[in-house]
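Here is the structure we will look at, set down as structure tokens.
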Amino acid sequence: MGENVPEYGEAATVCAIGEGLPLHTKFRPTKLDQFAGNTALKDALNRVLEDCDRRPQVYLFSGPSGCGKTTLGRIVASRVGAEEMDVVELDASAERGINEMREMRRDLAMSPLYGPAKLYLLDEAHGLTRDAQNALLKSLED
Numbered sequence: 001m002g003e004n005v006p007e008y009g010e011a012a013t014v015c016a017i018g019e020g021l022p023l024h025t026k027f028r029p030t031k032l033d034q035f036a037g038n039t040a041l042k043d044a045l046n047r048v049l050e051d052c053d054r055r056p057q058v059y060l061f062s063g064p065s066g067c068g069k070t071t072l073g074r075i076v077a078s079r080v081g082a083e084e085m086d087v088v089e090l091d092a093s094a095e096r097g098i099n100e101m102r103e104m105r106r107d108l109a110m111s112p113l114y115g116p117a118k119l120y121l122l123d124e125a126h127g128l129t130r131d132a133q134n135a136l137l138k139s140l141e142d
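Numbering (full-length UniProt numbering), first residue to last: 1 to 142.
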């Protein structure tokens with residue numbers, strides 16, 4: 001093969017360092033000031049996150065697909081000090097049953113492993129079954 005063409009085994013390494021990532025993943029904002037648009041939301045969220053004593057335990061982001069809900073959740077995780085290992089992302093449309101939510105409730109009672117906070121991102125939460133929603137309700141209210 002040519003000098004600049006990676007060998008078969010090297011192609012995976014090239015992709016692993018970010019060359020082959022989709023743009024929305026490669027350039028995903030990691031800080032609130034990098035998040036484009038919706039200045040009122042960013043200002044309000046910034047004020048809430050700065051006040052550690054009055055910071056809410058639960059955040060609800062809603063909007064159309066691709067508007068940045070998951071990105072905002074990850075930014076909140078970073079701002080509250082949740083380490084990567086203490087951030088759990090669940091696709092609630094796939095893991096939507098009561099057993100998964102009961103397991104999550106048990107995990108919520110445990111302290112974070114690595115930092116001062118633990119964070120759960122429930123993507124597609126509208127897909128949770130009624131029983132799963134009820135199982136989460138008590139944890140969200142406390």
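The beta carbon of each residue, even a glycine, is placed where N, CA and C say it ideally should be. Since we're looking at a predicted model, the values are computed, not measured.
Candidates the options: closest to residue i by CA position
i    : options                   : result
K138 : Y114, H126, E89 and L108  : L108
M104 : V88, A44 and E124         : V88
Y59  : A135, L128, T129 and L119 : L119
A82  : D43, Y114 and N46         : Y114
S65  : D123, A117 and A44        : D123
Rounded separation between residue i and residue j - CA only
i    : j    : result
P29  : I75  : 8 Å
L140 : P112 : 17 Å
D142 : P56  : 11 Å
Residue i in three-state terms, based on DSSP
i           : result
L121        : strand
M101        : helix
V80         : coil
V88         : strand
S96         : Per the sequence shown, residue 96 should be read as Arg rather than Ser. Three-state result, R96: coil.
residue 220 : Residue 220 lies beyond the residue range present for the chain, which begins at 1 and ends at 142; the question has no answer from this structure.
S111        : coil
V48         : helix
Closer than 8 Å to chain B by CB, residue i
i    : result
Y120 : Among the chains in the structure shown there is no chain B, since it carries only a single protein chain.
Distance CB(residue i)-CB(residue j) smaller than 8 Å
i    : j   : result
F35  : G68 : yes
L128 : A94 : no
A125 : G97 : no
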